[in-house]
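Take a look at the structure set out below.
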Amino acid sequence: MPLIPDLFSFKTAWRDARTQFRSLLLYSGGIVAGVAALVAILSFRSDVMLTVNDQARELLGADLEISLNEPYGDSLTAWVDSVGGEQARSIEFSSMVLYRSSNSDDDATRLSQIRAIDGAFPFYGEIKTEPSGAAMNYQEERTALVDRPIMNQLGLQVGDSIRVGTEWLEIAGMILEVPGESAAFSLIGPRIIIPEEVASGTGLLDRGSRVQYKTWFRFGPDRPELQSDEAVEELASEARERVSDRRLGVTTVASRMDDFSRIVDNLTKFLGMVGFIALMLGALGVASAVYVYIKRKSITVATLRCLGASSRQTLHIFGLQIAGLGFAGALAGSLLGLIIQRFLPLLFTDFLPFELVQQVSVPALMLGFLTGVAVSFAFAVLPLLSINNISPLLTIRSTDFSPLAHVPKRIKATVGVGVILLLIAILALLLESIAVAVLFVGGLIASILILMGTSVLLIRLARSMRLRSFSYIWRQGIANMFRPNNQTAVLVTTLGMGMLLIGSMYLSQEMILQRIDLQTGGNQPNLVFYDIQTDQREDIIEIAESHDTQILEQVPIVSMRLSRLNDRPVREIREDTTRQAGNWALTREYRVSYRDELNEAETIREGEWIGRSEGIGSGVTVPVSLDHRLADDLNVELNDRLTFDVQGVPVETYVASIREVDFQRPQPNFFLLFPSGVLEQAPQFFAVTMRSPDELTTAQLQQEVVQAHPNVSAIDIGLVLESVQTFLDKVAMAVQFMALFSILTGLIVLASAIAISRFQRIRESVLLRTIGASRRQIRGIQVVEYLWLGTLACLTGVLLSLIAGWLLAYFYFDLVFVPDVPALVVASLIVIALTLAVGFLNMRNILHKSPLEILRLNAE
Amino acid sequence: MLRVEDLTKTYQSGDRPLTVLDRVTFEIEPGTSCAIVGPSGSGKTTLLGLCAGLDRATSGDVYLKDHSLRILDEDALAVIRNRHIGFVFQSFQLIPTLTALENVMVPMELRGAGYEEVSARAERLLVEVGLAGRIHHYPTQLSGGEQQRVGMARAFIHEPDILFADEPTGNLDEETGSQIEEILFDLNQKEGTTLVIVTHDPELAAQCDRIIRLKGGRVATDSGPAAGSAAPAGFNRNSRSAKKMVDS
């Protein structure tokens, strides 16, 4: 069969479409939202990448950054000196900071992120502050820059003061932007920038805090050999090789760009997938519209056949129209996508470390557009192929033509497989992974089938209900959903998918919060103090008890490093290219605790927990317990031997047990656990978990402890919960925004379904008016129809999201599933109201048609 | 022109075969008119569909201008329909999205003819059937009678050798029906087309040269073959041709 249509096919396709442009465009509207979502996300990705490329140096603020979690040794210091260039240094750590506002009598304390800087960092970009220029002088003036959220929250003003450790500093400015950091950084803890020389005076650096020592370099014209990215990369490799300590972190502009691009890539791919769901649903809507369209056109096709048109010509005529539809829908979607692209950054304001440079990305536009055309056409192929099965006999013998019933099973199967392969190919292109594409398409098809199955079940249930006791309006409204050529199942599926996405997202978010909440309720700790030195412990407990706070646990912590694994030195293992143990597990500083018994967050997977052993120096090999993830990382099994360097003293151990540890609980837990009797005499510090009776006590207690012991840090679980909630809200908003496109698709498909059945609906309404129905009654019937449609769709979506929620709660979150029913009801009511609104908007002219006008119309 | 040989059509009704046409045989000469009549369910429409190559026979064959329809595939049949056959339908079957003029032009355009070439002839035919002022109207803007006139202009545009009409006046009132009959026979005679009409209307049938009456899928009576304007034995003496002969 020649693929290129002849002139007649083109002419007839155009002439036939000419009078029905509006309704044809509405049929193709299904894909508009999906294509718009895709184009917007792809363009957003392109914008971000463009900005990253444009402002790459501002992302790092320097040409090269090195960092180490201890003061530099001689060799590293020598290397840094030899590299030259312009340099700046910082010491970064978390610590409790006391905030004193002139507007309030009470001080406040927060675990904050301290950056103590010396030098002109950032070399590229600037730390934006209010008043502007505060970042220029804070080092000379020994003042502090404080993050905007905490200043707003506590009502702090420039001129107020903070205390870091033992040092008081005046607030010189409010931090608005730091190069390379998004506003979301503040969620971890307020950012404080102080001069480096102050940090050493705080007394915080030598008392167990985790500290990062950073150096930034800028290579100006005096180092012409280091002007290219490659040269800096080479220097970075040299740093890694020459400095014997492998824990050195080295970041170049290129590696920072790579890291950032990877994150953005993952985020946009995920959101793109949610957008793709809308596109698939839209294509399903288009396919359903094409099915009904072909069915309605069957007599025209039969007439054309009678007049001598070949099957190829009839196929081409309607194929051209359908392709044109896909083209128009994709074009409209692409244009809408460009508009959404303008506003999309608003969703990510807090996550972007720069102002986005926006421009039209032709590849993104083309990719979204072509995906729309291809997907809509692929979904329409099957109903389109049924044209070949329309017999010219239909012209003289009127029978109902069911397009798909006449397509041979073999062709159905071939087209089905073809469509699935096409979807996988498109997604693989978008996601750059065939495996993910296969899984996603498989999952999506399964979800759509489940949704369709559920909607068909619900529809059957509604249909089988004995409604005799209902009024005529109710019975007629419900019956209308099952008129011939209805698209009720597809409508319920598309709207239902939107509800499913939004509902599931909401329920998961709720469960994450509920899980954290649960872990902090009852007898669980709500306040944890850590970095407590042995000599501070008694005092802190006393302070806590004076505030009616219950001490739950005092956890000793000993730092150590792994020096040998099964008698092989770690250095040798790391140089072995065939090794299977991970770098992180070999080189990290282990923070280890010891006790007699396991706690409730721990379960033994293999071996036996031994709670007591002999002390260091007794010659006994100590039985230790490893978390299973650490065992995997180190590639060790039961009875393997590990030698630890406990601050200069080697301790021989063997793997006596492998545990599963639930790290989500607020009490301190450990990858590596020693039995009692070994480490008691080693230098150690403590974490103390407690339960304070209320928020006020929590605040007072923190304040008093920090006043007395500035090095001690606290985690206020209530504040953590708040931060997590804020973070989840922001992420969920982006995902739910994309899920809205599915709802939008559902509403467009609904409008298209009404357009398709418009004549039928007009005739029904006129018929009813002819036999005496009032406009009010006809309106009532319409309300019932759309009310049921919306309700069934929401019921389908909510039902499945509840099942998904329950499965998540049971198998993943380990929670008793108590869904937030009022929230789901509100979301459902909104969708039902939208369904009603779209229904009425599309039906508004019907009531104004005169019966006579209708009776004269042919059955088009 | 049209030869029907031993034509049988059987449908499957549940688990039993249902024979709608049973070994029907006849031949229609060029330029004559023939009415196929019979009660509902007698197989008239089935016979028309088979004669026009719209459907496949269970056995037997139809020869149209000596082309066996049995051996042709669907697209070859479409070519035969386009070159040799015209149709007039009971429900007009105009393409609702095309204007009257465009509807009439379709058969010629299918042959690849250009717009200018066809539109003049189509317009002339529409004027001939009395639709001079309705050329650019859409079917929904026309009355039933007007739609059927368009249907007839379309049936004759490509000068078919044979015209099949399925109850052409079935959906029209008596007066409009008569006008349509008038036009149908006029065009038929002017163009020298063979005419096969399926009808319930005895008056319409009576105007044809020959009447084949079907009953239970078989030919019950056949007023006999007729050739040209001659009137051999069995020729319908009330037909327009006969009247014309008498008049002359």
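So the sequence lines, in the order shown, correspond to chains A and B. Here the first sequence is numbered in this note's numbering, starting from 1239 and rising by one per residue. Here the second sequence is numbered in this note's numbering, starting from 5 and rising by one per residue. Ideal Cβ positions, reconstructed from N, Cα and C, are used throughout, including at glycine. In this text the structure is predicted, and so the values were computed from the model without any measurement.
{"Item": "Uninterrupted alpha helix (DSSP H) stretches inside the segment 1904–1982 of chain A (no shorter than 4 residues)", "Value": "1933–1946"}
{"Item": "Contact belief for ILE1269 of chain A with GLY1513 of chain A at Cβ below 8 angstroms, rounded distance in angstroms", "Value": "Not confirmed; about 12 angstroms, so no contact."}
{"Item": "Identity of the residue in A:PHE1908, A:PHE1912, A:TYR1892 nearest ASN1804 of chain A by Cα", "Value": "A:TYR1892"}
{"Item": "Exposed unless 16 or more other CB atoms sit within 10 angstroms - verdict on PHE1259 of chain A", "Value": "exposed"}
{"Item": "Below-7 angstroms beta-carbon distance, ALA231 of chain B vs any chain A residue", "Value": "With a pLDDT of only 41 at ALA231 of chain B, under the threshold of 50, the placement of this residue in the model should not be trusted; the figure read from the coordinates follows. Judged by the 7 angstroms Cβ criterion, ALA231 of chain B is not in contact with chain A."}
{"Item": "Rounded separation between GLU1408 of chain A and SER1399 of chain A - CA only", "Value": "4 angstroms"}
{"Item": "Short Cβ contact (7 angstroms threshold) for LEU1978 of chain A with VAL2076 of chain A", "Value": "no"}
{"Item": "Neighbour flag for SER1247 of chain A against chain B, beta carbons, 7 angstroms", "Value": "no"}
{"Item": "C-beta contact flag for VAL1766 of chain A and THR1347 of chain A at 7 angstroms", "Value": "no"}
{"Item": "Short-range partners of chain B found in the segment 1616–1650 of chain A, where Cβ spacing is below 8 angstroms", "Value": "SER1629, PRO1630, LEU1631, THR1633, ILE1634, ARG1635, SER1636"}
{"Item": "Contact residues within the segment 1253–1277 of chain A, judged by C-beta distance below 9 angstroms to chain B", "Value": "ARG1253, ASP1254, ALA1255, ARG1256, THR1257, GLN1258"}
{"Item": "Contact list for ILE99 of chain B against chain A, beta-carbon separation under 8 angstroms", "Value": "ASP1254, THR1538, THR1541, LEU1542"}
{"Item": "Proximity test, LEU1790 of chain A beta-carbon vs the ligand NAP heavy atom, cut-off 6 angstroms", "Value": "Of the ligands one can find in the structure shown there are none, so the ligand NAP has no counterpart to examine."}
{"Item": "Terminal residues of the alpha helix (DSSP H) in which SER37 of chain B lies", "Value": "No alpha helix (DSSP H) contains SER37 of chain B, which is instead part of the beta strand (DSSP E) from 37–41."}
{"Item": "Distance between PRO1387 of chain A and LEU1957 of chain A (C-alpha atoms, nearest Å)", "Value": "14 angstroms"}
{"Item": "8 angstroms contact criterion, which ASN2080 of chain A and ALA1993 of chain A should meet: CB distance rounded", "Value": "7 angstroms"}
{"Item": "Beta-carbon gap between THR2073 of chain A and GLY1520 of chain A smaller than 7 angstroms", "Value": "no"}
{"Item": "Alpha carbon of TYR1744 of chain A to alpha carbon of LYS1533 of chain A, nearest angstrom", "Value": "40 angstroms"}
{"Item": "Any beta strand (DSSP E) of 3 or more consecutive residues that is wholly inside the segment 174–226 of chain B", "Value": "198–202, 214–219, 222–226"}
{"Item": "Straight-line gap, ALA2099 of chain A to ILE1355 of chain A (C-alpha atoms, nearest Å)", "Value": "Residue 2099 of chain A falls outside the range modelled here, since chain A spans only 1239 to 2098, and no answer is possible."}
{"Item": "Short Cβ contact (7 angstroms threshold) for ARG1580 of chain A with GLN1788 of chain A", "Value": "no"}
{"Item": "Rounded Cβ spacing between PRO257 of chain B and PRO143 of chain B (contact assumed at less than 8 angstroms)", "Value": "No answer is possible for residue 257 of chain B: the residues shown for chain B start at 5 and end at 252."}
{"Item": "Which listed residue (B:ALA39, B:MET156, B:PRO164, B:VAL202) has its alpha carbon closest to that of LEU129 of chain B", "Value": "B:MET156"}
{"Item": "Any C-beta of chain B under 7 angstroms from that of GLY1520 of chain A", "Value": "no"}
{"Item": "Spatial distance of GLY1439 of chain A from TRP1406 of chain A (CA atoms)", "Value": "10 angstroms"}
{"Item": "From B:ARG125, B:LEU58, B:GLU195, residue whose alpha carbon lies closest to that of ILE1634 of chain A", "Value": "B:LEU58"}
{"Item": "Inter-stretch contact at 8 angstroms, needing at least 3 Cβ pairs: the segment 1365–1377 of chain A / the segment 1305–1316 of chain A", "Value": "no"}
{"Item": "Start-end ranges of the beta strand (DSSP E) lying completely within the segment 1683–1742 of chain A, minimum 3 residues", "Value": "none"}
{"Item": "Closer than 7 angstroms to chain A by CB, ARG160 of chain B", "Value": "Note on residue identity: the sequence assigns Phe, not Arg, to residue 160 of chain B. By this cut-off, PHE160 of chain B is not an interface position."}
{"Item": "Below-7 angstroms beta-carbon distance, PRO164 of chain B vs any chain A residue", "Value": "no"}
{"Item": "Beta-carbon proximity list for ALA1946 of chain A, same chain, < 6 angstroms, skipping 5 on both sides", "Value": "none"}
{"Item": "LYS1650 of chain A: first and last residue of the uninterrupted alpha helix (DSSP H) it sits in", "Value": "1647–1669"}
{"Item": "Touch test, the segment 1543–1552 of chain A against the segment 1307–1321 of chain A, Cβ-Cβ under 8 angstroms, three pairs minimum", "Value": "no"}
{"Item": "Inside the segment 1809–1845 of chain A only - alpha helix (DSSP H) runs reaching at least 4 residues", "Value": "1821–1825"}
{"Item": "Close beta carbons around ASP1883 of chain A, own chain, < 7 angstroms, minus the five adjacent residues each side", "Value": "MET1798, ARG1799, SER1801"}
{"Item": "Which of helix, strand or coil DSSP assigns to PHE1359 of chain A", "Value": "coil"}
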